[in-house]
Amino acid sequence: MNKHGFSTKAIHAGQPAEPVTGAIMTPVFLTSTYVQEELGKHKGYEYSRVSNPTRTALEQNIAALENGKHGLAFGSGTVAVDAIMHLLKPGDHVILSWNVYGGTYRIAKMVWEDFGLQFDFVDTTNLQNVERVLRPNTKMLFIETPTNPTMEITDLAGAAQIAKKFNLISVVDNTFATPYLQQPIDYGFDLVVHSLTKYLNGHSDMLGGFIVTNNDAYNEKLRFLQKAVGGILSPFDAWLCLRGTKTLAVRMKQHCESAMQVAQWLKTQKKVHKVYYPGLVDHPQHELAKKQMRGFGGMISFELGSIDTAGTFLKKVRLCALAESLGGVETIITHPATMTHAAIPAEQRARIGVTDGLVRISVGIEDVEDIIADMDSALNH
Ligand SMILES: Cc1ncc(COP(=O)(O)O)c(C=O)c1O
C-alpha cells in the first residue's frame, strides 16, 4: 500500500476482503480464543490478549497512515503512554514538552516517579531548553506538537536531531495533528503515540490508544507488554476506529477549514483577549507550522480573562457541547484549568498559560456558520 496516497491507505490498508465470505468490511472478531488443529499448529492467532484479527487490521491501517512499520493498539491513549514509560528503567530521566496533555503529566508525576523515573517539563518550542536540562541519565525526549491546550509547535526535525545526538528515545504525541497533518516517523522519531479516542476514531464513541514505530526492538517489547500487562484494545473498539480512519482525510480537511474561520472570527471579538491557533499569522510558530504541517488542525484555545466570563460563555453555548475530549465530528468546548489539566498544580498551570479564563474548542464539522452563531450568542448576548 506504500505507493498509494493517504486517503487510499486510510480506506484499504490492513483491510483486504475477508477471505471466507468476501465481506468488504473487516468483521468484528468477537472471540477470546482460537481453535488449534493440533499442538502448536494454528492460523496465527492463539488468544485475543495477544492478537485479534480486527485489532491487527487497525494496527496495520494506522501504521500505514503514519508511514511506520509496526502499529500497536491499546485500550486508551493513556495506556499507550504508560506502555512507553515501561521501556525505561528506574533512575532514567525523561524530558517532556511542558504543556503535554494533563494525563501525561499525571502519569509521569503521580505514577512513574514512584517507580524511580525522573521528569523535566520544558518549553520545547525552544530546543535549547532540552539541551539545558539534559543529564547523564536522560533516556527519552517526549514531545507534543501542537500542545494541548496552548497550541505551541515544536520543530520536529530539530527535536529528532537532538534525540539522535544524545541517544534518546524520541516520542511524539501526534493526537492533535493526526498523521493527515504530520508524520513524525519521517523525521526519524522512534515512537508516535495517539489517543485514538480523538480524531483517528472521530465519532466520540470509543476510547483507544496507539503506538507506531519503525524500531523492531521497541515493537517486540511493546508487543510483549500487550501480552504481559494486557492493556489492549477490544475488537469492537478496533472496528469502530477502522470506520473512523476511512474518513480521516475528509474530516481533517473540514476541521482545518472551519477552525480557521472560527479563529478569524474570535480575533474580531472584543471579549476575547487572545487566540491560540497555529494558522493565524501572529501565532509565534506560524511559519514552522506551515513548514511541518499539512494544515493547522481543528483545535483552538482563547483567553476570556476570568473564570466568570469563561463560565458564563460555557453555560450559554447550546450547539457546542461543554465536555471533556476533542476530535469528534461535533464541536466540543472545554475549560482546561478545571477539566483536562486539573491534575497540573495551579502554579505550573499559570506558567504554561493554562489560566482560569482559557477556553479550548475542538471545532467540529457542523456548518461553520452555526458554530459561530452559537459562540456569538453565548459571548455577546
Ligand atoms: C494529546 C492527548 N494525548 C493523550 C490523551 C489520552 O488519551 P485517552 O483519553 O484516550 O486515554 C489525550 C486525552 O485527552 C490527549 O488529548
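Last residue of the sequence shown: number 483 in this note's numbering, and the count goes up by one each step with no gaps.
Just so you know, even glycine gets a beta-carbon here, dropped at the ideal spot from N, CA and C.
Task: For Thr252 and Val93, the rounded distance between their alpha carbons - done: In the structure displayed, the chain extends from 103 to 483; residue 93 sits before or after that span and is not available.
- [ ] Please classify Ala423: does DSSP put it in a helix, a strand, or coil?
- [x] strand
Task: Proximity winner among Val183, Thr128, Phe312 and Ser403, relative to Gly173 (alpha-carbon distances) - done: When Val183, Thr128, Phe312 and Ser403 are compared, the shortest CA-CA separation from Gly173 is found for Phe312.
Task: alpha helix (DSSP H) segments (min. 4 residues) lying fully within the region 171–238 - done: 179–187, 204–212 and 230–235
Task: Given 8 Å, three or more beta-carbon pairs between the region 472–479 and the region 446–460 - done: no
Open item on the list: Pop quiz: Gly310 and Asn303 are said to be a contact at Cβ under 8 Å. What is the actual Cβ separation, rounded to whole angstroms?
Closed with: Right, their Cβ atoms sit about 7 Å apart.
Open item on the list: With a threshold of 7 Å (Cβ to nearest heavy atom), would Tyr203 be considered close to ligand 1?
Closed with: yes
- [ ] On a CA-only basis, which of Val181, Lys355, Tyr207 and Leu481 is nearest Phe108? Give me that one, please.
- [x] Lys355
Task: Supposed contact pair Thr433 and Ser479 - C-beta distance, whole angstroms, cut 8 Å - done: Rounded, the Cβ-Cβ distance is 14 Å, inconsistent with contact.
Task: Same chain only: Cβ atoms within 8 Å of Ala412, ignoring 5 sequence neighbours per side - done: Leu406, His437, Asp458, Gly459, Leu460 and Val461
TODO: Would you mind giving the Cβ-Cβ distance between Val419 and Ile435, rounded to the nearest angstrom? I have them listed as a contact below 8 Å.
DONE: 6 Å
TODO: Using a Cβ cut-off of 8 Å (strictly closer), state whether Val352 contacts chain C.
DONE: Although the question refers to chain C, the structure presented lacks it and comprises just one protein chain.
- [ ] Going by DSSP, name the residue or residues bridged to Thr336.
- [x] Residue identity check: residue 336 is Ser in the sequence provided, not Thr. Paired residues: none, contrary to the question.
TODO: Would you identify the three-state DSSP class for Met350, choosing helix, strand or coil?
DONE: Residue identity differs from the one stated: residue 350 is Leu in this sequence, not Met. DSSP places Leu350 in helix when its eight states are reduced to three.
- [ ] Thinking Ile245 and Ser199 are a contact (beta carbons under 8 Å), I'd like their distance in whole angstroms, please.
- [x] 5 Å
Task: Rounded C-alpha distance that separates Glu140 from Gly116 - done: 28 Å
Open item on the list: Nearer than 7 Å: is that true of the beta carbon of Leu66 relative to any heavy atom of ligand 1?
Closed with: There is simply no residue 66 to check, as the chain begins at 103 and stops at 483 in what is shown.
Task: Endpoints, alpha helix (DSSP H) assigned at Tyr320 - done: Asp318 to Val331
Task: Option nearest Tyr379 by Cα separation, candidates Lys267, Thr226, Ile255 and Ile113 - done: Ile255
- [ ] Since I believe Ile197 is in contact with Leu293 (beta carbons under 8 Å), could you give me their beta-carbon distance rounded to a whole number of angstroms?
- [x] Actually they are not in contact, since the Cβ atoms of Leu293 and Ile197 sit about 15 Å apart, beyond 8 Å.
Task: As assigned by DSSP and simplified to three states, the class of Gly413 - done: helix
Open item on the list: Let me check one thing: in DSSP terms, what residues is Arg462 bridge-paired to?
Closed with: Ser403 and Thr436
TODO: To the nearest angstrom, report how far apart Met401 and Met242 are at their CA atoms.
DONE: 27 Å
- [ ] Starting from Gly260, follow the beta strand (DSSP E) in both directions and report where the run begins and ends.
- [x] No beta strand (DSSP E) holds Gly260; the alpha helix (DSSP H) holding it covers Leu258 to Lys267.
Open item on the list: At a threshold of 7 Å, does Thr123 count as lining ligand 2 (C-beta to nearest heavy atom)?
Closed with: As far as ligands go, the structure on display features ligand 1 and does not contain ligand 2.
Task: Local conformation of Thr158 per DSSP, three classes - done: Shown here, Thr158 sits in a helix according to DSSP, grouped into three states.
Open item on the list: Closest to His305 by C-alpha separation, out of Ile467, Asp216 and Pro129, would be which residue?
Closed with: Ile467
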